[in-house]
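Residue numbers (our numbering): 6 to 417.
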């Protein structure tokens, strides 16, 4: 089946599940300039316990405040920001060109304003200075090569963990980016008309890592995720809290966040992919296995045909078999650390992920759990409340991280 534009099942229903923002006037001109917004949230890493966070919200040209739109949250990469990502990934351009009813939301990573190297994402495994991760070191230390040293953020220097550029494994600020994402999603659901069966996340590089983090933390209310050139820090692999469709995309030549040990530099712990700055990542095969375990995938590895097959070696497959109403898909090709086919087909990434999202709405059987998660999210005015704890309490015991890192979880 070719990956083409199709209406999601929720769009085809007479009464789609709508966000509370339906009927509100749009916060930005449909098809016009995006909203450059900000939000204040509670964050213990802030100087006064609060931080001001920024984002871009793009409303499609065909938007109708009474007709629910899909929502795609996009996380930018390291050394980038929300504004740069919005213009580079071409998602809004394709959406407006082809008249799709898809809202795109671009959070800006935490950067402590003038400290640190970049706007990054504080995901699991960041900021290990005096302790190891669950499976040991998460980077090579001491980091005597200045090219491998990332500046300390003020928020990390104020934290109990501190920050050590030589002996620590630091790559982001210590702001609570998960709380920011929850708060921003809650604000968006209140202010625009969103199809609750069609909320998705994507991002590249460090943004791909944040995509995985969000997919794990907010999986009850997400339909699918598409991390590009992303991974999980070694020792922090685990299944999402609820099943979620996954489109994982990686280039064979990527050594910045390598997909597998054979793509990396070597010299790391068993089962780890080693990047060119000597951080240790989980092999992609073990990440997809964790998502497949949650989705109860079973069967043989089969091709997943797309319109881009064969271009620069591009191919996709379902490595863990069929997953019922979900899909766990892995795509590869002959490129390095960038969007798939970006040089030869600039719109390939946008077409690939938007097509996957349209084909993978939230299954109807998951609606009740998603509604409960949305209610809890909206009950927390700034997104910092008990959502994550409530999800943890409602989640059955998961396979251990050590088991997942070593690839010992069977697809069931």
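Glycine included, each C-beta is placed from N, C-alpha and C at the ideal position. Values in this document were obtained by computation on a predicted structure and should not be read as measured data.
Distance check for residue j and residue i, CA to CA, integer angstroms please.
i, j, result
"residue 26", "residue 201", "11 Å"
"residue 101", "residue 67", "8 Å"
"residue 242", "residue 295", "8 Å"
"residue 138", "residue 130", "7 Å"
"residue 393", "residue 221", "Confidence is the limiting factor: at residue 393 the pLDDT is only 39, short of 50, which leaves the residue's position unreliable and the question unanswerable from this model."
"residue 380", "residue 71", "20 Å"
"residue 382", "residue 47", "15 Å"
"residue 22", "residue 369", "10 Å"
"residue 31", "residue 328", "37 Å"
"residue 41", "residue 344", "25 Å"
"residue 278", "residue 143", "11 Å"
"residue 158", "residue 181", "13 Å"
"residue 184", "residue 57", "12 Å"
"residue 419", "residue 340", "This structure cannot speak to residue 419, because the chain is shown only from 6 to 417."
"residue 77", "residue 219", "12 Å"
"residue 214", "residue 128", "7 Å"
"residue 313", "residue 376", "36 Å"
"residue 309", "residue 362", "15 Å"
"residue 95", "residue 358", "11 Å"
"residue 141", "residue 164", "22 Å"
"residue 276", "residue 167", "29 Å"
"residue 272", "residue 145", "9 Å"
"residue 133", "residue 90", "28 Å"
"residue 330", "residue 69", "29 Å"
Any idea if residue i is buried or exposed, counting beta-carbon neighbours within 10 angstroms, 16 or more meaning buried?
i, result
"residue 244", "buried"
"residue 388", "Summary for residue 388: the model assigns pLDDT 40, below 50, so the residue's position carries little reliability, and this model does not support an answer."
"residue 135", "exposed"
"residue 373", "exposed"
"residue 114", "buried"
"residue 365", "buried"
"residue 391", "With a pLDDT of 38 at residue 391, under the threshold of 50, the predicted position of this residue should be treated as unreliable, and no value is reported."
"residue 196", "buried"
"residue 396", "Confidence in residue 396 is poor, its pLDDT being 35 and thus under 50, which makes the residue's placement too unreliable to answer from."
"residue 92", "exposed"
"residue 162", "exposed"
"residue 315", "exposed"
"residue 318", "exposed"
"residue 386", "Legend: pLDDT at residue 386 = 49, less than 50; position of this residue unreliable, value from coordinates given subsequently. The residue in question, residue 386, is exposed, as its Cβ has fewer than 16 Cβ neighbours within 10 Å."
"residue 84", "exposed"
"residue 65", "buried"
"residue 87", "buried"
"residue 51", "buried"
"residue 147", "exposed"
Name the DSSP beta bridge partners of residue i, please?
i, result
"residue 74", "199"
"residue 207", "79 and 231"
"residue 45", "57"
"residue 117", "Note: residue 117 sits in no beta bridge, so no partner."
"residue 320", "337"
"residue 167", "DSSP, once it has assigned bridges, lists no residue as partnering residue 167."
"residue 63", "109"
"residue 308", "322"
"residue 255", "337"
"residue 141", "138"
"residue 369", "Answer by DSSP bridge pairing: none, since residue 369 is not bridged."
"residue 133", "174"
"residue 69", "72"
"residue 284", "144"
"residue 125", "115"
Residue j and residue i - do their beta-carbons sit closer together than 8 Å?
i, j, result
"residue 82", "residue 240", "no"
"residue 291", "residue 306", "no"
"residue 208", "residue 232", "yes"
"residue 216", "residue 228", "no"
"residue 298", "residue 262", "no"
"residue 199", "residue 33", "no"
"residue 356", "residue 99", "yes"
"residue 252", "residue 334", "yes"
"residue 152", "residue 24", "no"
"residue 126", "residue 80", "yes"
"residue 324", "residue 293", "yes"
"residue 55", "residue 45", "yes"
"residue 281", "residue 260", "yes"
"residue 284", "residue 174", "yes"
"residue 250", "residue 332", "yes"
"residue 189", "residue 112", "yes"
"residue 63", "residue 97", "yes"
"residue 170", "residue 160", "no"
"residue 234", "residue 342", "yes"
"residue 320", "residue 302", "no"
"residue 255", "residue 206", "no"
"residue 326", "residue 360", "no"
Under the criterion of a Cβ to heavy atom distance below 7 Å, does residue i qualify as lining the ligand FAD?
i, result
"residue 220", "The ligand FAD is not among the ligands present in this structure, which contains no ligands whatsoever."
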